[in-house]
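First the structure, in the form of structure tokens, and then the observations on it.
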Ligand code: UGA
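Numbering (my numbering), first residue to last: 433 to 902.
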């Protein structure tokens with residue numbers, strides 16, 4: 433059992449790690465500057481919507497292994513490990529804002545009492561392990577020493593706890609191998625590959641991973657736009673691509689694109705790091721542009737069908753940036769609402785958990801309890817976030833509620849045939865207008881043994897490129 437302090441414990445990453453590290457059997461004190469949230473947490477109430485979080489929070493409090501405070505002087509002195517989990521939002525230039533990291537490192541340095549390992553868990557610009565080590569050294573009382581280990585997180589909102597317990601890998605960046613192993617030991621109840629590397633490389637693994645996943649999404653979205661013009665089906669294209677083991681079908685779902693507090697911010701930050709270091713990053717810039725373009729594409733679809741948006745009533749199903757979270761940061765819904773309001777449409781929207789956040793930001797949006805309410809007298813509806821409830825809508829009820837006929841499926845999750853059967857007009861993203869005989873996906877069982885057979889000898893095998901392994 434280790435004594436751990438988690439700085440930024442009321443945020444997504446900090447809270448998910450606080451409850452999980454306590455569940456691993458460590459003694460955890462979470463510290464955060466938000467007194468309202470700390471008060472809720474000590475009361476056993478999770479301030480964010482995240483599956484399994486409330487259960488682990490209550491278990492941690494009940495066992496006494498988990499406590500929360502706003503006071504660094506309580507949290508830091510007993511800690512052998514301090515996790516930095518504060519936010520690094522985008523600045524105006526797209527670079528990461530490191531002011532919360534500076535504040536956290538300064539406070540940690542002033543309160544530490546002995547040898548402390550500081551774990552950089554927040555997504556921080558490359559070079560931050562050294563940056564944090566310098567701040568710690570500058571403010572440390574004499575006799576107090578620090579070692580910094582970069583240990584990026586790979587959690588998805590909505591399955592953060594699952595991801596902590598089932599990591600694909602644990603990445604540790606440190607110049608001090610003993611410190612890296614000590615941090616690795618905190619996770620020894622997990623069955624995961626550990627990659628130990630230099631701090632800068634570990635920091636780059638995080639940015640490159642997020643940028644690559646965002647690139648997959650923008651790639652398939654660009655293909656979807658071409659499919660829209662050529663009357664091909666992007667979902668089947670993605671499936672066909674994904675059957676290639678080198679590609680995999682994951683993160684190839686075409687639609688309104690990525691949002692949230694990570695992909696947009698991290699792709700921008702990586703592009704900014706490239707720019708600041710005289711490197712071009714045309715691919716990263718294209719990924720962001722394509723993503724923004726998906727929102728405009730959906731608005732254009734609706735405008736084309738309705739003729740004008742002025743005076744139209746548009747229903748939005750789903751407001752959070754993805755299902756199973758109430759987070760609306762950089763959610764596609766935000767851009768859609770802004771554009772619809774700018775064009776003087778009336779917006780009626782609904783989300784299972786994010787209505788209150790939208791109400792606070794857009795008082796002019798009419799919020800409904802469910803999709804049927806958001807569809808009431810609407811000229812068109814747009815499925816924005818693929819919450820499970822919206823996959824199995826009673827389409828006859830939607831059709832009866834609406835004034836118009838148009839259903840734009842911004843996540844390609846509805847069955848176009850069923851939408852048409854309810855008397856509605858379906859528009860997906862990169863889905864064919866004329867389904868013809870429809871698509872039957874048949875994987876022939878004979879295909880397996882055929883694939884398993886050794887490759888026949890060919891000239892390719894003796895080609896110099898054949899040894900590259902790709
Ligand atoms: C992402 C990464 O997946 C995590 O590995 C990473 O740790 C995290 O960022 C972070 O940096 O903290 P998250 O933003 O929670 O996690 O959500 P994702 O599930 O990755 O989805 C991101 C966005 O991409 C969502 O808006 C989602 O709707 C969209 N998306 C995802 C697509 O449009 N198509 C897809 O095929 C997949």
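Every residue, glycine too, gets a C-beta built ideally from N, C-alpha and C.
Is the beta carbon of residue 493 less than 8 Å from the beta carbon of residue 476? Contact flag set, yes.
In its own chain, which residues sit with a C-beta less than 6 Å from the C-beta of residue 626, not counting the 5 before and 5 after it? 602, 616, listed in sequence order.
Just verifying my parser: in three-state terms, what is the DSSP assignment at residue 742? Looking at residue 742 - three-state DSSP - the assignment turns out to be coil, as it is neither helix nor strand.
Please report how far the alpha carbon of residue 567 lies from the alpha carbon of residue 511, in whole angstroms. If you take the alpha carbons of residue 567 and residue 511, they lie about 18 Å apart.
One or two residues paired with residue 859 in a DSSP bridge: Secondary-structure assignment with DSSP links residue 859 through a beta bridge to 840.
Look at residue 519 and residue 443 and say whether their C-beta atoms are less than 8 Å apart. For residue 519 and residue 443, yes; Cβs fall inside 8 Å.
Does the Cβ-Cβ distance between residue 851 and residue 827 come in under 8 Å? Yes; because the gap between Cβ atoms is below 8 Å, this pair is in contact.
Tell me where the alpha helix (DSSP H) around residue 473 begins and ends. Segment 467–474, the alpha helix (DSSP H) holding residue 473.
Let me confirm a value: residue 842 is counted as buried when at least 16 other C-beta atoms fall within 10 Å, else exposed. Which label applies? Buried, since its Cβ has 16 or more Cβ neighbours within 10 Å.
For a minimum of 4 consecutive residues, which ranges assigned as the alpha helix (DSSP H) are wholly contained in the region 777–852? 787–793, 803–807, 820–823, 827–833, all fully within the region 777–852.
Top-ranked residue by Cα proximity to residue 700, from 865, 752, 647: The residue among 865, 752, 647 with its C-alpha nearest the C-alpha of residue 700 is 647.
Where do the N-terminal and C-terminal ends of the alpha helix (DSSP H) with residue 502 fall, by residue? Per DSSP, residue 502 belongs to no alpha helix (DSSP H) and is neither H nor E.
Whole-number beta carbon distance between residue 747 and residue 810, since they are thought to touch under 8 Å: With 8 Å as the limit, residue 810 and residue 747 qualify as a contact, their Cβ atoms being about 4 Å apart.
Taking C-alpha atoms, which residue in 465, 839, 786, 482 lies nearest to residue 853? Ranking 465, 839, 786, 482 by Cα distance to residue 853 puts 839 first.
Assign residue 601 to one of three DSSP states: helix, strand, or coil. Residue 601 falls in the strand class under three-state DSSP.
Does the region 684–704 come into contact with the region 760–773, if we say contact requires no fewer than three beta-carbon pairs (one atom in each stretch) closer than 8 Å? Contact between the region 684–704 and the region 760–773 is present: 3 or more CB-CB pairs across the two stretches fall below 8 Å.
Under 7 Å from any heavy atom of ligand 1, does the C-beta of residue 776 make it? No, the beta carbon of residue 776 sits no closer than 7 Å to any heavy atom of ligand 1.
Can you find the residues in the same chain that come closer than 7 Å, C-beta to C-beta, to residue 807, ignoring five residues on each side of it along the sequence? So the qualifying residues of the chain are 747, 813, 830, 833, 834.
Nearest neighbour of residue 690, chosen from 453, 676, 645 [CA to CA]: Per the Cα distances, 645.
Which residue marks the beginning of the alpha helix (DSSP H) containing residue 542, and which one marks its end? Per DSSP, the continuous alpha helix (DSSP H) segment holding residue 542 begins and ends at 531–543.
Taking the C-alpha atoms as reference points, what is the distance between residue 714 and residue 666? Straight across, the Cα-Cα distance linking residue 714 with residue 666 is about 25 Å.
As assigned by DSSP and simplified to three states, the class of residue 626: Reduced to three states, the DSSP call for residue 626 is strand.
If you check the beta carbons only, do residue 599 and residue 624 fall under 8 Å apart? Contact flag set, yes.
Let's see if you can read the secondary structure: which residues bound the alpha helix (DSSP H) around residue 633? Element bounds for residue 633: 631–662.
By the three-class DSSP mapping on this structure, what secondary structure does residue 760 have? Of the three classes helix, strand and coil, the one that applies to residue 760 here is coil, per DSSP.
Local conformation of residue 437 per DSSP, three classes: For residue 437, the three-state secondary structure derived from DSSP is strand.
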